[in-house]
Amino acid sequence: MNISKDIKPITHLKSKAPDLLKQINETPRPVIITQNGEPRAALQDPESYENMRNAIGILRLISQGEQDVKDGKLKPQEEVFTAMDKLLKDKDEMKERYTVMWSETAERGHGNCPKTFNRWPCESCV
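Heads up: the sequence shown begins at 173 in this note's numbering, then just goes up one per residue.
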């Protein structure tokens with residue numbers, strides 16, 4: 173990697189923007205823009221930028237997990253899995269209830285509650 177090829181003065185950006193955009197989209201390396209010899213900005217292709225942001229997010233989660241371990245904020249594996257199973261069961265039950273409610277409401281010819289103006293019908297409409 174030759175980083176000197178990736179450092180450009182701001183005048184280069186002004187006069188050759190299309191060339192710089194082509195360069196950053198053809199290589200995964202960012203281009204550093206300088207002003208008066210000092211770095212002022214970095215141009216990077218969207219995919220590399222998104223990958224970097226995702227990596228930072230994962231590192232934050234890992235760091236938080238390490239801190240939780242240090243602070244003793246742990247739960248037994250079985251307790252976590254039981255809680256997850258309950259959440260998934262509740263989600264499935266809500267999905268089933270929503271589907272039944274929606275189909276009964278649709279049979280009556282309205283999708284919104286005329287009394288409360290909510291998206292979901294109230295108990296008297298169901």
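Note that CB positions come from ideal geometry on N, CA and C, so glycine has one too.
According to DSSP, residues forming a beta bridge with residue i
{"i": "P211", "result": "T206"}
{"i": "P181", "result": "T206"}
Spatial neighbours of residue i in its chain, beta-carbon cut-off 6 Å, leaving aside the 5 residues before and after
{"i": "L193", "result": "none"}
Residue i and residue j closer than 7 Å at C-beta
{"i": "S220", "j": "P200", "result": "yes"}
{"i": "L185", "j": "I205", "result": "yes"}
Close beta carbons around residue i, own chain, < 8 Å, minus the five adjacent residues each side
{"i": "G281", "result": "At G281 the pLDDT is 48, less than 50, meaning the model places this residue with poor confidence and gives no usable figure here."}
{"i": "D191", "result": "none"}
{"i": "I182", "result": "I205, T206, Q207, R212"}
{"i": "V252", "result": "none"}
Same chain, Cβ closer than 7 Å to residue i, neighbours up to 5 away in sequence not counted
{"i": "P211", "result": "I204"}
{"i": "N197", "result": "D217"}
Given residue i as reference, the closest of the options once Cα atoms are compared
{"i": "Q195", "options": "T183, L215, P248, P181", "result": "L215"}
message = Which runs of the beta strand (DSSP E) at least 3 residues long sit entirely within the region 209 to 253? Give them in chain order.
response = 210 to 215
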